[in-house]
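Student: Here it is, the structure, as structure tokens.
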Amino acid sequence: GGFSVDNPTLNRFYSFHFYAPFILSFMVIIHLYFLHSTGSTNPLGMSSNMYKIPFNPYYSIKDSIWMIIMFFMMIFINMQIQFILFHPDNFMIANPMVTPSHIQ
Numbered sequence: 001g002g003f004s005v006d007n008p009t010l011n012r013f014y015s016f017h018f019y020a021p022f023i024l025s026f027m028v029i030i031h032l033y034f035l036h037s038t039g040s041t042n043p044l045g046m047s048s049n050m051y052k053i054p055f056n057p058y059y060s061i062k063d064s065i066w067m068i069i070m071f072f073m074m075i076f077i078n079m080q081i082q083f084i085l086f087h088p089d090n091f092m093i094a095n096p097m098v099t100p101s102h103i104q
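This is the structure in structure tokens:
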């Protein structure tokens, strides 16, 4: 309530940012539980039980495979082609006797 950002404001801000992911994860789990226990409804109101695919194991395996693929892609990017993300100045050999032009 004051005119500046002080310690109580920062504590509340950081506390909110710490607890928010846990609250959202809990809400997602509850949503998935109710969605897959009762099933979702069709906007047209027609029953389509014979077209439903069970969540487990089909979607669980499908999501797990994609998660593994993405994990190995990130490992490959981080370990093999990481230099494409670097700035070109990082590859220059440092010379302690010359001051860079942007600092002079």
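Taking the working numbering, I'd label the letters of the sequence shown as residues 1 to 104.
The beta carbon of each residue, even a glycine, is placed where N, CA and C say it ideally should be.
This one's a predicted model, so the numbers in the text were calculated from it and none came from an experiment.
Where W66 and H102 are concerned, what is the direct C-alpha to C-alpha distance, given to the nearest angstrom?
Tutor: About 45 angstroms.
Student: Helix, strand or coil: how does DSSP classify S4 here?
Tutor: S4 falls in the coil class under three-state DSSP.
Student: Where does P57 fall in DSSP's three states?
Tutor: Three-state DSSP puts P57 in a helix.
Student: What do you reckon, are the CB atoms on F55 and H36 nearer than 7 angstroms?
Tutor: Yes. Within cutoff.
Student: Is DSSP giving P88 helix, strand or coil here?
Tutor: Helix at P88.
Student: Measuring only the C-alpha atoms, how far is K52 from G39?
Tutor: Computed Cα separation, rounded: 9 angstroms.
Student: Taking the straight line between their C-alpha atoms, what separation do you get for P88 and F18?
Tutor: So the two alpha carbons sit approximately 36 angstroms from each other.
Student: Give the straight-line distance between the Cα atoms of F3 and V98, rounded to the nearest whole angstrom.
Tutor: Their backbone Cα atoms lie some 47 angstroms apart in a straight line.
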